[in-house]
Amino acid sequence: MNIAIVTGASSGMGREFVRQLGGYVSVDEIWAVARRASALETLKAEASVPVRPIVLDLLEASSFTELEALLESEKPNVKLLVNAAGFGKFGAYQKVPVEDDCRMIDLNCRGLTEMTCTCLPWMHKGTRIINLASAAAFCPQAKFAVYAATKSYVLSFSRSLAAELKEKGIFVTAVCPGPVDTPFFEVSGKLPGGMKEAVMADPVQVVKQALIDAKYKKEVSVYGTAMKGAEAATKVLPHGMILKAMSMMEKITKE
-17 MNIAIVTGAS SGMGREFVRQ LGGYVSVDEI WAVARRASAL ETLKAEASVP
33 VRPIVLDLLE ASSFTELEAL LESEKPNVKL LVNAAGFGKF GAYQKVPVED
83 DCRMIDLNCR GLTEMTCTCL PWMHKGTRII NLASAAAFCP QAKFAVYAAT
133 KSYVLSFSRS LAAELKEKGI FVTAVCPGPV DTPFFEVSGK LPGGMKEAVM
183 ADPVQVVKQA LIDAKYKKEV SVYGTAMKGA EAATKVLPHG MILKAMSMME
233 KITKE
């Protein structure tokens, strides 16, 4: 049985991947992983491929033991793994509860890493991994310090994994969007100044681009001219200069 596994499938980008991936990857079933059973049940009617709800909390170590047992029992061919589970919290570092920071690190980094490790034995030549990073991975971000750091980890991990798995014919794509119009900001909090709202992207288009880029074995998927420009800028300008410019822009938009 050929399957795709999508984490964070109950909402946002994960849910959109479940909706679209049937048009890009030939699988018999999508294993949709998230905490909310009710949201996963409604997803069945939105996908073109049969969806199996897998209710797991990726902050719990027992979830990976449970998934590993299920994989061992079913012995599927995992043709696509989409690591979309994650969250962010916006605010000055000392004002964000340390518990939220640690949960961000655990889910965005540890959870993604452990999910990848759990699924890799069931992936073979021609299969793919898509990891949700962020344009925040390109440069440190004041007031988004921990989130940006976790996404830098995801980008670096994805690129390293791509190099390691290339000989096996397994391809890894890190998706690095800017702000996307999803429920993400209901958790992270509203970003100040309206700068990021001006480049808010449609999740349908971001996921479509990600699936196309993964098909063509691209290591990094960046949607939109603005974010491609931001990526280019972070490669040539000192990060200190970029942080200073971002701070100045924030002050201007508040005035």
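Just so you know, the sequence shown maps onto residues -17 to 237 in our numbering. Just so it is clear, CB atoms sit at the ideal spot from N, CA and C, and this is done for glycine as well.
field: Closest Cα partner of residue 20 within the set 211, 36, 8
entry: As a working mapping, residue 20 is identified with position 38 in the sequence shown. Taking residue 20 as reference, the option from 211, 36, 8 with the minimal CA-CA separation is 36.
field: Residue burial classification, residue 64 (beta-carbon count within 10 angstroms, cutoff 16)
entry: Numbered from its first residue, the sequence shown carries residue 64 at position 82. When all chains shown are included, residue 64 counts as buried.
message: Cutting at 8 angstroms between CB atoms, please list the residues of its own chain near residue 181, excluding the five before and the five after it.
response: For the purposes of this step, residue 181 is taken as the residue at position 199 of the sequence shown. 160, 161, 206, 208, 209, listed in sequence order.
Contact under 8 angstroms by Cβ, residue 29 with residue 0: Locating residue 29 in the sequence shown gives position 47, counting from the first residue. Locating residue 0 in the sequence shown gives position 18, counting from the first residue. A distance below 8 angstroms separates the beta carbons of residue 29 and residue 0.
query: residue 14 and residue 3: beta carbons closer than 8 angstroms?
result: Walking along the sequence shown from the start, residue 14 turns up at place 32. Walking along the sequence shown from the start, residue 3 turns up at place 21. At least 8 angstroms separates the beta-carbon of residue 14 from that of residue 3.
- prompt: Tell me which same chain residues have a C-beta within less than 8 angstroms of the C-beta of residue 148, skipping the five on either side of it?
  reply: For the purposes of this step, residue 148 is taken as residue 166 along the sequence shown, with counting starting at 1. Correct list: empty, nothing qualifies.
field: Element boundaries [beta strand (DSSP E), containing residue 3]
entry: Numbered from 1 along the sequence shown, position 21 holds the residue referred to as residue 3. Residue 3 -> no beta strand (DSSP E), and no H or E assigned at all.
field: Where residue 76 falls, given that 16 or more other Cβ within 10 Å makes a residue buried
entry: Walking along the sequence shown from the start, residue 76 turns up at place 94. In this structure residue 76 is exposed. Its beta-carbon is surrounded by fewer than 16 other beta-carbon atoms within 10 angstroms.
query: Hey, out of 136, 151, -7, 80, whose CA is closest to residue 98's CA?
result: Here the question's residue 98 lines up with position 116 in the sequence shown. The residue with the shortest Cα to Cα distance from residue 98 is 136.
- request: Please list, in chain order, all residues of the same chain as residue 197 whose beta carbon is under 7 angstroms from its beta carbon, the five residues on each side excluded.
  value: Indexing the sequence shown from 1 puts residue 197 at position 215. Closer than 7 angstroms at Cβ, skipping near neighbours: 6.
message: Do residue 100 and residue 46 have their beta-carbon atoms positioned less than 8 angstroms apart in this structure?
response: Position 64 of the sequence shown, counted from the start, is the residue given in the question as residue 46. Position 118 of the sequence shown, counted from the start, is the residue given in the question as residue 100. A contact, by the Cβ cut-off of 8 angstroms.
- prompt: Where do the N-terminal and C-terminal ends of the alpha helix (DSSP H) with residue 194 fall, by residue?
  reply: Counted from its first residue, the sequence shown places residue 194 at position 212. First-last of the alpha helix (DSSP H) with residue 194: 185 to 197.
task: Taking all protein chains shown into account, decide if residue 32 is buried (16 or more other Cβ within 10 angstroms of its Cβ) or exposed.
output: Residue mapping note: residue 32 aligns to position 50 of the sequence shown, counting from 1. That one is exposed.
query: Which residue comes first and which comes last in the beta strand (DSSP E) that contains residue 210?
result: Sequence index remark: in the sequence shown, residue 210 carries index 228 (1-based). Unbroken run through residue 210 is the alpha helix (DSSP H), 207 to 218; no beta strand (DSSP E).
query: Nearest-angstrom Cα distance between residue 121 and residue 105?
result: Taking the sequence shown and counting its residues from 1, the one referred to as residue 121 is at position 139. Taking the sequence shown and counting its residues from 1, the one referred to as residue 105 is at position 123. Cα to Cα, the separation comes out at about 32 angstroms.
query: Straight-line CA distance for residue 188 to residue 127?
result: Your numbering for residue 188 matches position 206 in the sequence shown. Your numbering for residue 127 matches position 145 in the sequence shown. Going by the C-alpha atoms only, they are around 24 angstroms apart.
query: Per DSSP, what kind of secondary structure is residue 110 in: helix, strand or coil?
result: The residue labelled residue 110 in the question sits at position 128 within the sequence shown. Of the three classes helix, strand and coil, the one that applies to residue 110 here is strand, per DSSP.
field: 8 angstroms Cβ cutoff met for residue 150 and residue 190
entry: Here residue 150 refers to the residue found at position 168 when the sequence shown is read from its first residue. Here residue 190 refers to the residue found at position 208 when the sequence shown is read from its first residue. No, the Cβ-Cβ distance between residue 150 and residue 190 is not below 8 angstroms.
- request: With a 10 Å radius around its C-beta and 16 neighbouring C-beta atoms as the bar for buried, classify residue 43 as buried or exposed.
  value: Stepping through the sequence shown from its first residue, residue 43 is reached at position 61. By the 16-neighbour rule on beta-carbons within 10 angstroms, residue 43 is exposed.
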